[in-house]
Every structure is written in C-alpha cells, then in structure tokens.
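In full-length UniProt numbering, the protein residues as written are 1 to 281.
C-beta atoms are modelled at their ideal positions from N, C-alpha and C, and glycine is treated no differently.
This report concerns only the one structure given below.
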C-alpha cells in the first residue's frame, strides 16, 4: 500500500510541475525530452538493472519497444488534447481510461470480482464523474475528439503494459531502463525534426520531471508486484487517488473553486477508497 501512496504523490507532483510549466509557457516537448535521460540514469544507479544478462529481457522486446514509443507519445498527445479541448476535458479522458484497465484486470489478468471490489469500482467511477464535472466546460472543438480518444486509449494501454512489465521478474528493471532510453532517443529525434531551440529553463524543469516520473513508474510497478492479485484495486485506487489529491491541492494552493457536485465526488471517492482498502488489505 505504501508503494501505491507514493506513486499517487509522485504522479500529482508531476502534474503540478507541468501546470506551473504551462503557466510560464515553457516547451512541453523539451520538458518531456529532458525527463527521460534523468529517469534512465536513476533507474541505472538506484535499481541496478541486470543489463549484463540480455537473455533475461531481450525476449520482451515488444514490451519495452511499445512503452518506449507510447510514454513520450502520450505526453505530446496530452499537450495536443489540452490545446484543442482544455485541461478539464483532457483530464476526464485520462482518468476515464480506468474503464480499459478495469476490463483488462478481470479478463486479461484474471482478477477475481468480489462484491467489495465491484462496489468500490462502481463508486470510483461515480466519484470521477462528479469530480471532473464542470458546468459548460465539456463542449468539444472540431477535431478535438480524436485527441481525447487518443489520450483515453493511450493511458489505458500504458496501464496494461506496465502491469505486464511488473510480472517479468528480474527483466522488469532492465526493460524499464531500455524503455527510458528509447523514449530519450525518440524525443531527441522529434525535437531535431522540429528544429527546436533548446531552452535551459525547459530542460531544467524536464530534469525535475524525470525524478518524479521515475518515482511514479517505479513505485507503481512495485505496487503491482506487492499486490499481484489485486490488479483492479490498484488500477482504481491509483486513478481515484490521483484525482482526489490533485483536487485537494488545487483547493489549498491554487485557490481553485469546486461545486457541490465536485464536493460530493470527493466524499464518494473517500467511501470508494475505504471499501476497496477494507476489502483487500
């Protein structure tokens, strides 16, 4: 449970950092680029992946290639979705990807659907709708729906692939290092193709994001490893925990206003978390 808590904290901290970066109009693509070599270095020096045993991880080439492409791509897709649809709608698409991962938990990973689990997940979805609701902010611009769909599908697939990655034993962290390395190379190629002028402030924020991104993914994988039979619970608590903590931080530090529906969502989310926690831990 501690791993999941820290993963939620790292995820929200990364979101806050990106919110600050957008406020200062820093380059999202440069931030995303700079974060991956830092994440790769942290993986190498902290986890010490067994890179000298290629036979343990090369057979999983499809996994680290898929994540190596998807992780940087989803950041760019997220930026485009926000550009066309705004933060509220994009965040809704990201969080509702829980539908994909929940279905995968039961049908792909053979999680056992208990009464507590189903009630908790049902309440979590209700809480998400309430927390993400903002009157008059869900009109989608022409062409924007495709970006929202890409965000929804992309985050759902990434959740599933990270769960698969967590089951690879000693190959898990070798693959993680390679994933971050592939992402670094792809983002560098993207920036060079765009003929970007690099800015120190964007690269610095990217380095900080790399620390948070590493912490988020590492602890998320460890949560799946520690609670291998509770896949649906991990997926649900991660998503609902992130949106609840982000809402509380928005209220406390950014003076964001919430409606009665949003407040009801917070209360429902707390009940959902309690039911899932009591039912499985």
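Based on Cα-Cα distance, which residue from 8, 253, 246 and 208 lies nearest to residue 132?
Reading the chain shown from its first residue, position 132 is the one you call residue 132. When C-alpha distances from residue 132 are compared across 8, 253, 246 and 208, the shortest belongs to 246.
Rounded to the nearest angstrom, how far is the Cβ of residue 282 from that of residue 32, given a contact under 8 angstroms?
Residue numbering for the chain in the displayed model covers 1 to 281; residue 282 lies beyond these limits and cannot be assessed.
Residue 67 versus residue 250: straight-line alpha-carbon distance, rounded
Your numbering for residue 67 matches position 67 in the chain shown. Your numbering for residue 250 matches position 250 in the chain shown. The straight-line gap separating the alpha-carbon atoms of residue 67 and residue 250 is approximately 30 angstroms.
One question on the structure: do residue 105 and residue 184 come within less than 7 angstroms of each other, judged by their Cβ atoms?
Locating residue 105 in the chain shown gives position 105, where the first residue counts as 1. Locating residue 184 in the chain shown gives position 184, where the first residue counts as 1. Not closer than 7 angstroms, so no.
Under three-state DSSP, which class holds residue 114?
In the chain shown, residue 114 corresponds to position 114, counting from 1. Here residue 114 sits in coil by DSSP.
Cα-Cα separation between residue 79 and residue 28, rounded to whole angstroms:
Here residue 79 corresponds to residue number 79 of the chain shown, with the count starting at 1. Here residue 28 corresponds to residue number 28 of the chain shown, with the count starting at 1. So the alpha carbons of these two residues sit roughly 7 angstroms apart.
What does the alpha-carbon distance come out to for the pair residue 55 and residue 38?
As a working mapping, residue 55 is identified with position 55 in the chain shown. As a working mapping, residue 38 is identified with position 38 in the chain shown. Across the structure, residue 55 and residue 38 are spaced so that their CA atoms are roughly 26 angstroms apart.
Taking the alpha carbon of residue 126 as the point to measure from, which residue in 275, 276 and 264 has its own alpha carbon closest?
As a first step, residue 126 must be located in the chain shown, where it is residue number 126. Per the Cα distances, 264.
Roughly how many whole angstroms lie between the Cα atoms of residue 217 and residue 73?
The residue you call residue 217 lines up with position 217 of the chain shown. The residue you call residue 73 lines up with position 73 of the chain shown. Taking the straight line joining both Cα atoms gives about 16 angstroms.
To which residues of the same chain is residue 180 closer than 7 angstroms at the C-beta, ignoring the five residues directly before and after it?
Position 180 of the chain shown, counted from the first residue, corresponds to residue 180. Taken in chain order, the residues that qualify are 36, 39, 40 and 43.
Considering only the alpha carbon of each residue, which of 159, 11 and 212 lies closest to residue 103?
As a working mapping, residue 103 is identified with position 103 in the chain shown. Checking every option, the nearest Cα to that of residue 103 belongs to 159.
Which first and last residues belong to the alpha helix (DSSP H) in which residue 239 is found?
If you number the chain shown from 1, residue 239 lands on position 239. Run containing residue 239: 231-253, per the alpha helix (DSSP H) assignment.
With H, G and I counted as helix, E and B as strand and the rest as coil, what does DSSP make of residue 107?
On the chain shown, position 107 is the one that residue 107 refers to. Correct three-state label for residue 107: helix.
For residue 201 and residue 240, the rounded distance between their alpha carbons
Translated into the one-based positions of the chain shown, residue 240 becomes position 240. Translated into the one-based positions of the chain shown, residue 201 becomes position 201. Cα-Cα distance, rounded: 32 angstroms.
Examine the ligand HEM and report whether any of its heavy atoms sits within less than 6 angstroms of the Cβ of residue 218.
Questions concerning the ligand HEM fall outside what the structure shown contains, since it holds no ligand whatsoever.
Looking at the secondary structure, which residues open and close the alpha helix (DSSP H) in which residue 4 lies?
For the purposes of this step, residue 4 is identified with residue 4 of the chain shown, where counting begins at 1. For residue 4, the uninterrupted alpha helix (DSSP H) run begins and ends at 2-23, by DSSP.
For residue 197, count the other beta carbons within 10 Å of its own beta carbon; 16 or more makes it buried, fewer makes it exposed. Which is it?
Residue mapping note: residue 197 aligns to position 197 of the chain shown, counting from 1. Result: exposed.
Hey, residue 287 and residue 123 are a contact pair by Cβ (cut 8 angstroms); roughly how many whole angstroms apart?
Given a span of 1 to 281 for the chain in the structure shown, any question on residue 287 remains unanswerable.
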